[in-house]
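Colleague:
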Amino acid sequence: MNKPIMAAAAALALLAACPALADQPKQGGAAVVTFNNDLTTLDPQVGYDWQNWSVIKSIFDGLMDYKPGTTELEPDLAESYTVSEDGLTYTFKLRSGVKFHNGRTMTSADVKWSLEHAINPTTQSPGGGYLSAIAGYDDITGGKSTELSGVSTPDDATVVITLSRPDATFLHIMAINFAYVVPKEEVEKAGADWGKQPVGTGAFRFVEWVPGQRIVLERNKDYYKAGAPYLDKLTFEFGLDPTVAVLKLKNGEIDIVGDGIPPAQFTEAMADSANQDLIAKGDQLHTGYVTMNVNTPPLDNLKVRQAINMAINKDRIVKIINNRAVVAAQALPPAMPGYNPDNEGYPFDPEGAKKLLAEAGLGDGFTIELYAMNVDPNPRIAQAIQQDLAAIGIKIEIKSLNQAEVIAAGGSGKAPMIWSGGMAWIADFPDPNNFYYGILGCEGAVEGGWNWSKYCNQALDDRGHVADAMVKDDQQAERIELWKGIFDDVLKDAPWAPVFNEIRFTYHSARLGGDPVLYTDPIHIPVNYDYIFAKDAQ
Amino acid sequence: MRALWKQFRKDHAALAGLVVIIVAVTAAAAAPWLAPFDPNQQFFDGLTIEGSPLAPSARFWFGTDTLGRDQFSRVIHGAGTSLLIGILANGAAVMIGTLLGVTAGYVKGVVGAAIMRFTDLMMAFPALLLGIALASLLKPSLFIVALVIALVNWVQIARVIYAQTLALSEREFIEAARALGAGPWRVLLHHLVPHLVPTVLVYGTLGIATTVLYEATLSFLGVGVQPPTPSWGKMIFESQSYYLTAPWLVFIPGAAILIVALAFNLVGDGLRDALDPTQRGRR
Amino acid sequence: MLGYLARRIAAAAFILVGVTVITFSLSYLMPADPVAMIAGRNSTAETRQLIRQQLGLDRPLVIQYTSYVARLAQGDFGRSYARKTDVGDLIWSRLPATLLLMLGAIVAELLIGIPAGIYAATRRGKKADKAVMTLSFVGVSAPQFVVGLSLLYVFAYMLGWLPLGGYGTFAHLVLPALTLGIAGGGWYSRMMRSSMVDVLRQDYVRTARAKGVPEWRVVLKHALRNAILPIVAMIGLDVGIFMSGTVVVESVFGWPGIGQLMWQAIQGIDIPIIMGVTTVAAAFIIVGNLLADLVAPLVDPRIRLR
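Residue numbers (the working numbering), protein chains in the order written: chain W, 1 to 538; chain R, 1 to 283; chain F, 1 to 306.
#1: In whole angstroms, what separates the C-alpha of His286/W from that of Phe500/W?
#2: For Met37/F, which residues in chain W fall below 9 Å Cβ to Cβ?
#3: Who are the Cβ neighbours of Asp300/F in its own chain at under 6 Å, not counting the five residues just before and after it?
#4: Can you pull the chain W neighbours of Gly181/F, defined as C-beta to C-beta under 9 Å?
#5: Within the 7 Å Cβ cut-off, does Met235/R reach chain F?
#6: Am I right that Gly128/W and Ile134/W are in contact with their C-beta atoms under 8 Å? What's the rounded C-beta distance?
#7: Could you spell out where the beta strand (DSSP E) holding Ser152/W opens and where it closes?
#8: What's the gap between the Cα of His12/R and the Cα of Val132/F?
#9: Taking the alpha carbon of Val225/R as the point to measure from, which residue in Gln42/R, Phe118/R and Lys139/R has its own alpha carbon closest?
#10: Where do the N-terminal and C-terminal ends of the beta strand (DSSP E) with Arg214/W fall, by residue?
#11: Our contact map puts Ala28/R next to Leu83/R with C-beta atoms below 8 Å; I'd like the distance itself, whole angstroms only.
#12: Would you check if there are 3 or more beta carbon pairs closer than 8 Å linking the segment 277-287 of chain F to the segment 5-24 of chain F?
#13: Do you know whose CA, among Leu171/W, Leu39/W and Thr123/W, lies nearest Ile215/W's CA?
#14: Name the DSSP beta bridge partners of Thr158/W, please?
#15: With C-beta atoms as the reference, is Ala14/R less than 7 Å away from Leu266/R?
#16: Counting only Cβ pairs nearer than 7 Å, list the residues of chain W close to Thr66/R.
#17: Using DSSP bridges, identify the partner residues of Ala233/F.
#18: Pop quiz: Ser80/F and Pro272/F are said to be a contact at Cβ under 8 Å. What is the actual Cβ separation, rounded to whole angstroms?
#19: Is the CB-CB distance between Tyr66/W and Ile523/W below 7 Å?
#20: Which residue or residues does DSSP assign as beta-bridge partners of Ser80/W?
#21: Checking 7 Å against the spacing of the C-beta atoms, do Val111/W and Val159/W come in under that value?
#22: Three or more C-beta pairs under 8 Å: does that hold for the segment 310-321 of chain W against the segment 459-476 of chain W?
#23: Quick check on this structure: which residue in Leu460/W, Tyr137/W and Asp156/W has the alpha carbon closest to the alpha carbon of Leu148/W?
#24: If I follow the unbroken beta strand (DSSP E) through Met292/W, where does it start and stop?
#25: Are the CB atoms of Ile396/W and Ala353/W within a distance shorter than 7 Å?
#26: Return the CA-CA distance between His101/W and Ala31/W, expressed in angstroms with no decimal places.
#27: What's the C-alpha gap between Trp161/F and Asn251/W?
#28: Using Cβ-Cβ distances below 9 Å, what residues of the segment 81-107 of chain F are close to chain W?
#29: May I have the straight-line CA-CA distance separating Ala288/R from Ala233/F, to the nearest angstrom?
#30: Short of 9 Å Cβ to Cβ, which residues in the segment 237-248 of chain W face chain F?
#31: Could you give the DSSP three-state label for Pro272/F: helix, strand or coil?
#32: Using a Cβ cut-off of 8 Å, pull out every chain F residue sitting near Gly136/W, in sequence order please.
#33: Quick check on this structure: which residue in Val239/F, Met262/F and Gly240/F has the alpha carbon closest to the alpha carbon of Glu250/F?
#34: Less than 7 Å between the beta carbons of Glu405/W and Pro163/F, yes or no?
#35: Inspect the beta-carbon positions of Ala135/R and Val223/R and report whether they are closer than 7 Å.
#36: Rounded to whole angstroms, how far is the Cβ of Asn37/W from the Cβ of Phe366/W, which I believe are closer than 8 Å?
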């Protein structure tokens with residue numbers, strides 16, 4: 001009769017950061033997850049949607065990962081690692097006996113090749129730039145070499161990575177999908193179809209992909225983490241409207257509504273007492289904000305931007321989206337290190353806002369465009385902002401368009417104001433610098449970049465680089481303080497009007513078990529498939 | 001004219017239709033005075049605590065929408081846009097299509113074939129792309145929507161009219177009329193067109209409904225009216241997913257479209273019957 | 001006959017070329033940058049330029065067009081920007097589902113529309129006529145999302161008689177076809193009634209009645225034959241329309257057709273998919289109308305193919 005105790009101990013050991021489970025995880029069973037849109041690709045170096053991000057994490061692994069349901073780093077394919085004094089050399093000792101799904105054992109050569117593959121321009125990886133700190137990066141992007149000089153493999157189980165500059169986020173970078181390990185022979189054999197036939201080292205192996213209909217994964221029996229995954233089979237179904245997906249879930253035909261509960265059914269679902277244990281709620285590393293192009297008059301006037309910050313009734317907006325968010329007063333979400341709980345940001349004060357506008361010489365108001373993505377609830381939020389700004393004399397013309405068009409207008413600088421919903425920044429990894437360079441830093445302010453407010457404060461960028469060079473363990477607290485200060489100063493310049501931080505709600509069937517944080521995992525968005533289990537498994 | 005009205009008056013259904021049309025047009029024209037609230041006013045208490053729309057009540061006769069705005073006011077204000085699109089844009093498309101279809105079917109030959117191949121091309125034409133392109137080059141407006149609709153909607157009726165004209169023009173009575181010396185124009189107007197009027201009516205009236213709903217798709221892509229301007233089609237499109245929990249958001253504007261389209265149909269039928277010599281005295 | 005077909009096929013080639021030129025030009029007028037979408041959030045200007053070169057998007061438009069057509073002639077539709085999948089694979093894998101839905105929808109709308117239209121025509125002016133007419137308007141005015149969801153909710157969710165969306169068996173086809181059939185049936189019943197009323201007033205019909213032919217024979221044998229012509233034209237049109245105009249039904253029922261593919265491509269301005277689907281749809285439109293034109297003389301022998 002020791003089995004249940006051993007199983008519970010194993011579960012606890014695996015889920016060290018999570019509270020004890022009421023149900024014991026069982027091996028076996030299947031789960032079905034639905035998504036409205038087909039996944040684009042399962043290529044870890046290319047896939048960059050929030051839907052395929054976690055599926056890729058279940059098929060592949062990287063040197064590092066995070067404890068399930070948390071933002072805490074832990075070694076994954078690497079058994080252990082050491083960092084040199086100057087922070088420029090990382091030595092990873094690889095786990096032994098890790099096999100790819102095709103049977104071959106993974107070695108250090110695979111790690112090196114995967115990093116080269118990610119950086120190689122022909123791969124067209126959107127995240128290759130994250131690896132830019134590795135020495136030899138420029139040689140590959142410049143076309144001078146295909147070998148990454150900064151990575152050496154003294155033996156099959158050791159990888160030594162040398163950086164050209166210290167990077168405090170390097171371990172996080174080793175945990176994102178773009179740095180995942182792929183088998184060279186399979187990538188080359190599949191050619192352009194590699195994204196459709198993934199072969200990795202992960203908890204689930206790929207079985208089939210019927211385009212537009214489903215993807216089927218099955219348990220990797222040789223997975224090096226004993227016990228995981230619990231499910232034998234994982235199926236993703238596509239093309240179904242979320243409203244109908246909820247009906248299917250209630251009917252017991254599917255297990256997780258991947259897109260989240262549609263706004264129309266949210267209130268009803270939350271009010272239904274039968275759903276109490278079935279809807280997991282968790283914070284995300286997300287902020288929804290309004291960008292203001294600091295080069296476009298009259299937004300080039302700080303007072304105007306501050307007035308806009310003060311005029312938006314964020315509580316009302318949160319109510320409009322059925323309280324699925326918390327009001328945000330700063331750029332970083334509360335779960336992100338560097339968040340400043342003492343900084344209350346700009347108060348909701350329409351009278352004060354009007355005064356500021358008058359001081360800026362715009363007491364009569366002005367007309368300006370606000371771009372938003374056309375998928376619900378974003379046009380509604382844009383209209384709420386429109387009404388709030390009308391109260392202080394600013395007349396908003398809404399442009400509710402396709403995501404592609406809004407992104408283009410933002411990148412080109414054509415859009416004076418953009419509501420970021422639907423395109424809003426969710427952190428790729430839990431470090432404040434991920435919320436800065438691309439969307440608030442000078443390098444993102446170029447043509448086609450994602451810094452839609454075109455805000456460029458070189459002094460802050462420099463402080464950011466100084467902070468990122470602080471790699472020692474005893475410097476980490478100071479580093480976070482530095483970033484906190486940087487974001488406080490950003491807030492003073494008000495290139496954004498932060499509105500809310502979304503809360504994720506994941507609705508799953510009664511037969512699926514696991515700690516609720518697994519269903520709202522901040523890294524394996526939305527669900528950490530490796531550790532959920534079926535209660536009715538035989 | 002007076003005789004026409006006398007005939008028309010006898011058809012009660014047609015009269016009812018006429019009343020509906022007058023009401024709708026009045027609502028569209030006099031919206032600012034008729035609506036109890038500002039259609040774009042989002043009331044904080046227009047939503048429940050959880051943020052859901054309110055059902056029809058004494059204060060909000062048609063309930064509120066997902067932003068807490070009064071549906072009744074929005075329906076009244078939306079009438080103008082929807083009537084403009086459904087009647088004028090669709091009407092123009094139907095006229096163009098009929099003209100081209102009759103020409104192709106009557107003249108036949110190279111001209112007829114060319115026109116029909118042109119309809120094939122226009123049916124395949126990526127109208128949505130054109131709308132998006134125009135809206136980004138110019139400013140999004142109802143005019144662009146009307147243009148896209150006129151470009152797209154004429155094709156179907158053109159094909160049907162073509163088929164009917166082809167068949168009719170081979171009929172014996174046409175040959176007989178020609179034999180009696182009637183010129184081509186007289187043949188066309190006097191003998192052909194009356195048989196085509198029913199088809200024109202079908203597309204002119206049913207087309208109102210489909211066109212109003214199509215305008216919603218175009219506006220969604222950023223081509224037509226931008227938020228918060230209401231139109232019946234958009235109101236339905238935006239609240240479709242709330243159908244199971246807040247059905248009034250779909251049913252009320254839907255009923256408005258249905259009633260207007262039906263009204264035009266009844267009036268059209270009534271007119272056609274009043275004008276038709278074979279119908280007189282058959283009530 | 002052969003000459004006629006040859007002329008139509010030649011015309012079809014012209015039309016397809018015209019469609020590709022127009023769609024190609026419009027795609028590049030779109031206010032979106034496919035390279036920025038592919039390159040993603042963290043891309044540098046160099047990466048974007050590299051991607052632009054790799055995709056051949058930095059060449060003059062005319063060159064891009066001619067190389068596209070050259071590959072198209074060999075059956076290569078190119079690769080989707082967002083999904084990196086071969087567009088041809090995407091389209092062919094979804095085509096059977098679309099064709100099946102098209103067939104089901106046409107059967108459904110004919111089964112609903114034609115009897116209703118004939119019935120209304122024979123009861124002209126009476127309550128039954130008005131009832132059918134009102135129902136047709138309801139069928140056409142009701143948004144497809146609402147109709148589909150209602151049918152699904154009642155017959156699949158509450159009663160469990162049919163599957164709750166999906167694809168694979170005849171049972172899966174029933175509700176989606178019915179949803180499209182209700183709207184189409186509204187059109188067909190109105191048109192049928194109209195056409196039938198017109199035909200029933202003809203002299204030869206009066207003659208047949210005077211000769212003592214039973215009414216049902218008059219209606220179904222003599223009148224229907226002549227009244228069905230516009231319906232044939234409409235069916236030809238439906239072949240084209242159902243090719244990519246069924247996105248709502250596909251979404252509600254999880255039907256893996258081309259409509260959803262096209263809609264998503266328009267939303268994401270994924271030009272290779274837009275080009276591919278538009279071209280394939282154009283081919284079907286041409287075929288549909290051609291079939292209607294070929295069937296017409298069978299229905300009305302006085303029509304000649306020209």
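Ideal Cβ placement from N, Cα and C applies to all residues, glycine included. Quantities reported herein were computed from a predicted structural model and do not represent experimental measurements.
Modeller: Let me spell this out:
#1: Our two residues, His286/W and Phe500/W, have alpha carbons roughly 9 Å apart in a direct line.
#2: Gln403, Ala404, Ile407 and Ala408
#3: Leu229
#4: Those within 9 Å of Gly181/F in chain W number zero; the least Cβ separation is about 19 Å.
#5: no
#6: The Cβ separation is near 11 Å, so there is no contact.
#7: Val151 to Asp155
#8: 18 Å
#9: Lys139/R
#10: Arg214 to Arg219 is the extent of the beta strand (DSSP E) around Arg214/W.
#11: 5 Å
#12: yes
#13: Leu39/W
#14: Lys93/W and Asp155/W
#15: Cβ atoms of Ala14/R and Leu266/R: closer than 7 Å.
#16: Arg380
#17: Paired residue(s): none; Ala233/F is not in a bridge.
#18: Going by Cβ atoms, the distance from Ser80/F to Pro272/F rounds to 5 Å, so yes, they are a contact pair.
#19: yes
#20: Lys93/W
#21: yes
#22: Short answer: they don't touch.
#23: Tyr137/W
#24: Gly288 to Met292
#25: no
#26: If I take the Cα positions, the gap works out to 21 Å.
#27: 13 Å
#28: Ala82, Arg83, Lys84, Thr85, Asp86, Asp89, Leu90, Ser93, Arg94 and Ala97
#29: Chain R is shown from 1 up to 283; residue 288/R falls before or after that span and cannot be answered.
#30: Glu237, Phe238, Gly239, Leu240, Asp241, Thr243, Val244, Ala245, Leu247 and Lys248
#31: helix
#32: Here the premise fails: no neighbours, minimum Cβ distance about 16 Å.
#33: Ranked by Cα distance from Glu250/F, the options Val239/F, Met262/F and Gly240/F are led by Met262/F.
#34: no
#35: Yes. Within cutoff.
#36: So it is not a contact: roughly 38 Å between Cβ atoms.
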